[in-house]
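**Student:**
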Amino acid sequence: GVLKAVRPDGSVKWENNQIGDTHATPTVAADGTVYVTGRTTGHLFAFNADGSLKWKHDTVDSYLESSPVLLSDGSIVFGGANNSVYAVFPDGKRRWTFSAPGATAASTTAPVSEGTIAANASTGAAAAQVWFRAAPALDNQDRIYVGGMNGVLHALSPAGDLLWSYGAGGALYSSPTVTENGRIYLISGRVEAGDVNRLLALDLTGKLLWQKDLGGATLNPSTVAVDAQGRIFVNDNNTLLALDAAGTLLEA
2 GVLKAVRPDG
12 SVKWENNQIG
22 DTHATPTVAA
32 DGTVYVTGRT
42 TGHLFAFNAD
52 GSLKWKHDTV
62 DSYLESSPVL
72 LSDGSIVFGG
82 ANNSVYAVFP
92 DGKRRWTFSA
102 PGATAASTTA
112 PVSEGTIAAN
122 ASTGAAAAQV
132 WFRAAPALDN
142 QDRIYVGGMN
152 GVLHALSPAG
162 DLLWSYGAGG
172 ALYSSPTVTE
182 NGRIYLISGR
192 VEAGDVNRLL
202 ALDLTGKLLW
212 QKDLGGATLN
222 PSTVAVDAQG
232 RIFVNDNNTL
242 LALDAAGTLL
252 EA
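Anchor point for the sequence shown: position 135 equals 136 in my numbering, and the numbering is continuous, going up by one each time.
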């Protein structure tokens, strides 16, 4: 894989081939530093604005596909495949690691119970190598919302402490969407043939507000978009759906 910086006229400003294979979207900090994860290298890379390598942080993770996001203090947060979510300081040093509860490398895959799960209770899930594939989402208090392919959404404090978890009933392929009025939208995706994607709305405490089964059964459902009027848009099986804030499908 090659990371490229492109000028407004489309010409290449610089390129760097040190990241290896990647599926992640780069994130650019206010000082021009570019952060991106290496899919198979297990590294978070930081590049200067001129394309030179600033530093690389080895997570010792087997598979990084999550795009990084930035906390207000500049810390970089991203998920991995080894049951873990990572936070790294802007200087490249590890800030914290969150290890998903109920998941160990030796455990076997088991169904995830639906419903809110208290931070001090069992998740009801034992999934070997929980994979946090999608980028985390942040609210205006720097709280972190990150979903795993085992179907559990975790809410973390900026310090990496578990606030609550919610079993969504299906794999969380895409990033949650957090709105300014305190709503979390996520799509619980297909796990087995015959399953359909489900759109869920939670509040910031992990309480389910409503859910709606969607018609599609794509393996990679999109992230939800919300406009200024609170209307919800989602691409489901190549069909654009629009819903109101209560989850009612809007007419075209």
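We treat Cβ as the ideally placed atom computed from N, Cα and C, and that holds for glycine. Just so we're clear, the structure is a prediction, and the values are computed from it rather than from any experiment.
Within the same chain, show all residues whose beta-carbon is closer than 6 Å to that of N84, passing over the 5 residues directly before and after it, in chain order.
**Tutor:** So the qualifying residues of the chain are S100, A101, A104 and V131.
**Student:** Taking 8 Å as the cut-off, decide whether the C-beta atoms of G21 and R40 are in contact.
**Tutor:** Yes. Within cutoff.
**Student:** Would you mind working out which of V227, S223 and Y87 sits nearest G43, comparing C-alpha positions?
**Tutor:** If we check each option's Cα against that of G43, Y87 comes out closest.
**Student:** Note down the Cα distance separating G216 from G190, rounded to an integer number of angstroms.
**Tutor:** Those two C-alpha atoms are separated by around 11 Å.
**Student:** For N17, does the three-state DSSP call read helix, strand or coil?
**Tutor:** Three-state result, N17: strand.
**Student:** Could you tell me which residues DSSP pairs with N236 in its beta bridges?
**Tutor:** Beta-bridge pairing links N236 to L241.
**Student:** Using the C-alpha atoms, what's the distance from D228 back to A253?
**Tutor:** Those two C-alpha atoms are separated by around 16 Å.
**Student:** Around the C-beta of R8, are 16 or more other C-beta atoms found within 10 angstroms, so that it is buried, or is it exposed?
**Tutor:** Its Cβ having fewer than 16 others within 10 Å, R8 is exposed.
**Student:** Buried or exposed: which applies to S123, given that a residue is buried once 16 or more other Cβ atoms fall within 10 Å of its Cβ?
**Tutor:** Any reading at S123 must be qualified, since the residue scores a pLDDT of 38, below 50, and its modelled position is unreliable; the value itself is stated next. With fewer than 16 other Cβ atoms within 10 Å, it is exposed.
**Student:** Measure the C-alpha to C-alpha separation of V3 and G93 and round it to an integer number of angstroms.
**Tutor:** Straight-line Cα distance between these residues: approximately 21 Å.
**Student:** Of all Cβ atoms in chain B, is any one closer than 8 Å to the Cβ of A202?
**Tutor:** The structure shown contains no chain B; it is built from a single protein chain.
**Student:** So the candidates are G168, S68, N182 and L187; which of them puts its Cα closest to the Cα of Q142?
**Tutor:** Nearest option by C-alpha distance: N182.
**Student:** Which residues in the same chain as T98 place their Cβ atom closer than 6 Å to its Cβ, once the five residues preceding and following it in sequence are excluded?
**Tutor:** These residues qualify, in order along the chain: S85 and Y87.
**Student:** In terms of DSSP beta bridges, what is T98 paired with?
**Tutor:** Answer by DSSP bridge pairing, in chain order: Y87.
**Student:** Can you give me the C-alpha to C-alpha distance between R184 and N236, rounded to a whole angstrom?
**Tutor:** Roughly 19 Å between the two C-alpha positions.
**Student:** On the DSSP bridge assignment, give the partners of T28 in chain order.
**Tutor:** Its beta-bridge partners are Y36.
**Student:** If you follow the beta strand (DSSP E) that D92 is in, where does it begin and where does it stop?
**Tutor:** It is not in any beta strand (DSSP E) - D92 carries neither H nor E in the DSSP assignment.
**Student:** Starting from V78, follow the beta strand (DSSP E) in both directions and report where the run begins and ends.
**Tutor:** That run of the beta strand (DSSP E) goes I77 to G80.
**Student:** Since P137 contacts L154 with CB under 8 Å, what's their CB separation in whole angstroms?
**Tutor:** P137 to L154, Cβ: 10 Å. No contact.
**Student:** From S158 to T249, what does the alpha carbon distance come to, in whole angstroms?
**Tutor:** Distance between the alpha carbons of S158 and T249 is about 32 Å.
**Student:** Between the alpha carbons of V70 and A156, how many angstroms are there, rounded?
**Tutor:** Each residue's alpha carbon lies about 15 Å from the other.
**Student:** Is it true that the CB of S73 sits closer than 8 Å to the CB of F133?
**Tutor:** For F133 and S73, no; Cβs fall outside 8 Å.
**Student:** Rounded to whole angstroms, how far is the Cβ of V37 from the Cβ of A25, which I believe are closer than 8 Å?
**Tutor:** Rounded, the Cβ-Cβ distance is 6 Å, consistent with contact.
**Student:** Please identify the residue among G149, W15, S63 and V29 whose C-alpha is closest to the C-alpha of G75.
**Tutor:** Comparing Cα positions, the closest option is V29.
**Student:** Opposite W56 in the DSSP bridges: which residues?
**Tutor:** In DSSP, W56 forms a bridge with A47.
**Student:** In its own chain, which residues sit with a C-beta less than 6 Å from the C-beta of G171, not counting the 5 before and 5 after it?
**Tutor:** Taken in chain order, the residues that qualify are G152, S189, G190 and V192.
**Student:** For T240 versus S175, is the C-beta spacing smaller than 8 Å?
**Tutor:** No; because the gap between Cβ atoms is not below 8 Å, this pair is not in contact.
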